[in-house]
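This report refers to the structure that appears directly beneath it.
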Amino acid sequence: MRIGIMGGTFDPIHLGHLATAESVREIFDLNEVIFIPSARPPHKTDKQVTAAAHRLAMTILATRSNPKFSVSATEILREGLSYTIDTIDELHKKFGETAELFFMVGADMLADLSHWYHAKELVEKCKFVATTRQGSTADIEEVEKFFGAERMKNINLITTPGLEISSTDIREKVKAGKSIKYLVPEEVEEYIGETGLYL
100 MRIGIMGGTF DPIHLGHLAT AESVREIFDL NEVIFIPSAR PPHKTDKQVT
150 AAAHRLAMTI LATRSNPKFS VSATEILREG LSYTIDTIDE LHKKFGETAE
200 LFFMVGADML ADLSHWYHAK ELVEKCKFVA TTRQGSTADI EEVEKFFGAE
250 RMKNINLITT PGLEISSTDI REKVKAGKSI KYLVPEEVEE YIGETGLYL
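According to the numbering used here, the sequence shown holds residues 100 to 298 in order.
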């Protein structure tokens, strides 16, 4: 089994997330991609994050048309902060130790990877796919220095479709009464309108 994992706050999930996940799924010939909304991301404890139930609902709506996509509430149901290594351990229990796990991150997050909880152990337990856009580059010199040559074999840098979409921008557009059409799936746009999120 080759399983892709896309974690994030998904506040809200948008077409950039979906296009990236589908691109990585094809490149690495993944059996499925699991979207995992985080409950209490350690790096966002000081910021306002929309209630987990809303973010989970939007993620389910956004992914249900793709049979290769699924959603897990594992981090929302787990108590305490959401650490990626705990999620990876849970997935290995579910799919078996021989399952290959591919965790997707933006290339801009690579520089912070060394600060993640149990970072070196994490890179040994799963592969990382750092996605960058056409024409942009990622400085991985410091990353290589921290993780070493052997662990770097588990960190892949790839180019994915350049959809310049930001969840922050979407929230600001909603607050300003502007359209978010073609930035999020229609079902997510309708959900945001019906629930009054981000106003």
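Just so it is clear, CB atoms sit at the ideal spot from N, CA and C, and this is done for glycine as well.
Spatial distance of residue i from residue j (CA atoms)
{"i": "Leu190", "j": "Leu117", "result": "21 Å"}
{"i": "Ser137", "j": "Thr119", "result": "18 Å"}
{"i": "Asp207", "j": "Glu199", "result": "23 Å"}
{"i": "Lys224", "j": "Phe202", "result": "10 Å"}
{"i": "Val123", "j": "Gly107", "result": "16 Å"}
{"i": "Met157", "j": "Lys226", "result": "27 Å"}
{"i": "Thr61", "j": "Tyr216", "result": "Summary: the structure shown does not reach residue 61, with the chain confined to residues 100 through 298, and so no result is reported for it."}
Residue i in three-state terms, based on DSSP
{"i": "Arg270", "result": "helix"}
{"i": "Asp145", "result": "Confidence is the limiting factor: at Asp145 the pLDDT is only 44, short of 50, which leaves the residue's position unreliable, though a coordinate-based value still follows. In this structure, Asp145 counts as coil in the three-state DSSP scheme."}
{"i": "Gly115", "result": "helix"}
{"i": "Asp110", "result": "coil"}
{"i": "Ile175", "result": "helix"}
{"i": "Lys277", "result": "coil"}
{"i": "Ala150", "result": "coil"}
{"i": "Phe127", "result": "coil"}
Contact belief for residue i with residue j at Cβ below 8 Å, rounded distance in angstroms
{"i": "Arg250", "j": "Val222", "result": "5 Å"}
{"i": "Ser164", "j": "Glu174", "result": "With a Cβ gap of about 23 Å, Ser164 and Glu174 do not count as contacting."}
{"i": "Ile257", "j": "Leu209", "result": "With 8 Å as the limit, Ile257 and Leu209 do not qualify as a contact, their Cβ atoms being about 12 Å apart."}
Host beta strand (DSSP E) of residue i (start-end)
{"i": "Thr259", "result": "Ile254 to Thr259"}
{"i": "Val287", "result": "Where Val287 is concerned, there is no enclosing beta strand (DSSP E), although the alpha helix (DSSP H) it sits in stretches over Glu285 to Thr294."}
{"i": "Gly106", "result": "Arg101 to Gly107"}
{"i": "Leu200", "result": "Glu199 to Gly205"}
{"i": "Phe168", "result": "Phe168 to Val170"}
Same chain, Cβ closer than 8 Å to residue i, five either side skipped, listed in chain order
{"i": "Asp128", "result": "Arg101"}
Own chain, CB closer than 7 Å to residue i, minus 5 neighbours either side, in chain order
{"i": "Asp145", "result": "Note that Asp145 scores 44 on pLDDT, short of 50, meaning its location in the model is unreliable; the coordinates nonetheless yield the value given after this. Excluding residues within five positions, none has a Cβ falling inside 7 Å."}
Residue i - containing alpha helix (DSSP H), residue span
{"i": "Glu131", "result": "Unbroken run through Glu131 is the beta strand (DSSP E), Glu131 to Pro136; no alpha helix (DSSP H)."}
{"i": "Arg250", "result": "Glu240 to Met251"}
{"i": "Leu190", "result": "Thr183 to Phe194"}
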